[in-house]
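**Q**
In our numbering, the protein residues as written are 1 to 430.
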């Protein structure tokens, strides 16, 4: 428990595998950093189902929770209703929704006049533009104080749910005890905070008197409501719509924040990589192929930019631990061992991302060039930043849209440097 509470789970699992090899047992769980085993556990054709680890993340209300649902058939049927909305083609016309937030963010940074700032906190504010994509409205969080963060509750909830998922006895104690629940478990707080924000905007979209809101349908919420209208609210409920939107915003702010931090940390501390990237961006800009506030399609045509973004995610995946799965009925044979049914297994994301047989030499170094080589397709198969197989994160394309717009737009508008080049950052998972 101490490893989880101190945020050192990612490095501890990596060190255990380095010391003991591809199989490590922690409690009743078995962890694997073997490439073939990784593909077997997260195989899209015959996946191991999610374990009970995810139950503390369940939000009261929706009949089906897309993140928690264990039944692969139910999950697939539910997801199929709206997955087209989150496809690359379904999102391509949403770019302009966040241009205003990016411009305002740049203006706010410029007003700091060279002062030292906490980029992580500023990135959280910028990523509230997820609400711009969701509702086609500028919600104004970039103008607020960094202390006015309505998503602090999300961070607390995520950390506590992860702790309870890894220590089930604590989860059940929290559910059974009012005292433990009050002091250790904020499950109710998160839906109250985030769903209230989402509910306000959804109410405005549904109000027939507000004809100007969402009239272009160029937002995720309107498109989900259109699906609900075609399916019926008894099939796709209000609670499920609200939860999907809330989950998308939560993931965009938390996972997107860690990804942006990794991109800028590694660029600032590897000036040769930053110079190489700026050369590519400046060249595209001078040829009229890239705007300062660019589109994601323009950024997608910049090979080194995309390699930098991909490498930053490999260096520090947003998933600090494992994605737990259960061995199927009848058990499974893994690395020559017969594992009974119902045993929790998984691969640590950080350990997988450091495997030289997959990612090549010097995996502890920031080397975007590795993604420009012929081995790139194989490396992508082992990327755990968005989950894997049939449970790949619904927001993967949305996250890439944000990264492709935000990273080049900020680099073309602002100069970044570390206040103390000799100091290193502190990485915690949770």
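Note that CB positions come from ideal geometry on N, CA and C, so glycine has one too.
In this text, all values refer to a predicted model and were calculated from it rather than measured experimentally.
In chain order, what are the residue ranges of uninterrupted beta strand (DSSP E) at least 3 long that sit wholly in the region 20-78?
**A** The qualifying runs are 23-26 and 29-32.
**Q** To the nearest angstrom, report how far apart residue 503 and residue 265 are at their CA atoms.
**A** Outside the displayed span of the chain (1 to 430) sits residue 503, for which this structure offers no information.
**Q** Among 135, 414 and 105, whose alpha-carbon lies nearest the alpha-carbon of residue 126?
**A** Of the candidates 135, 414 and 105, the one whose C-alpha sits nearest the C-alpha of residue 126 is 105.
**Q** Identify every run of the alpha helix (DSSP H) within the region 231-293, keeping only runs that are complete inside it and at least 4 residues long; order them along the chain.
**A** Qualifying alpha helix (DSSP H) stretches, in chain order: 238-268 and 271-286.
**Q** Per DSSP, what kind of secondary structure is residue 345 in: helix, strand or coil?
**A** Residue 345: strand per DSSP, three-state reduction.
**Q** Using the Cα positions of residue 162 and residue 92, report the straight-line distance between them to the nearest angstrom.
**A** Their backbone Cα atoms lie some 33 Å apart in a straight line.
**Q** Nearest to residue 39 by CA position, among 408, 381 and 427, is which residue?
**A** Nearest C-alpha to residue 39: 381.
**Q** Note the first and the last residue of the continuous alpha helix (DSSP H) segment covering residue 311.
**A** Residue 311 -> alpha helix (DSSP H) spans 303-315.
**Q** Any contact of the region 312-323 with the region 277-293, i.e. 3+ C-beta pairs under 8 Å?
**A** No, the region 312-323 does not touch the region 277-293.
**Q** So residue 47 and residue 389 are supposed to be a Cβ contact under 8 Å. How far apart are they, rounded?
**A** Confirmed, Cβ separation roughly 5 Å.
**Q** State yes or no: is the C-beta of residue 236 within less than 8 Å of the C-beta of residue 227?
**A** A contact, by the Cβ cut-off of 8 Å.
**Q** Should residue 303 go down as buried or exposed, given a rule of 16 or more other Cβ atoms within 10 Å for buried?
**A** Exposed.
**Q** State buried or exposed for residue 310, treating a residue as buried only when at least 16 other CB atoms are found within 10 Å of its CB.
**A** Residue 310 should be labelled buried.
**Q** Tell me which residues share the same chain as residue 188 and place their Cβ nearer than 8 Å to its Cβ, disregarding the 5 neighbours each side in the sequence.
**A** Reliability of the predicted coordinates at residue 188 is poor, the pLDDT of 49 falling under 50, and no value is obtained from them.
**Q** What's the gap between the Cα of residue 30 and the Cα of residue 50?
**A** One C-alpha to the other measures close to 14 Å.
**Q** Tell me, to the nearest whole angstrom, how far the beta carbon of residue 90 is from that of residue 138; I am working on the premise that it is less than 8 Å.
**A** The Cβ separation is near 22 Å, so there is no contact.
**Q** State buried or exposed for residue 25, treating a residue as buried only when at least 16 other CB atoms are found within 10 Å of its CB.
**A** Its Cβ having fewer than 16 others within 10 Å, residue 25 is exposed.
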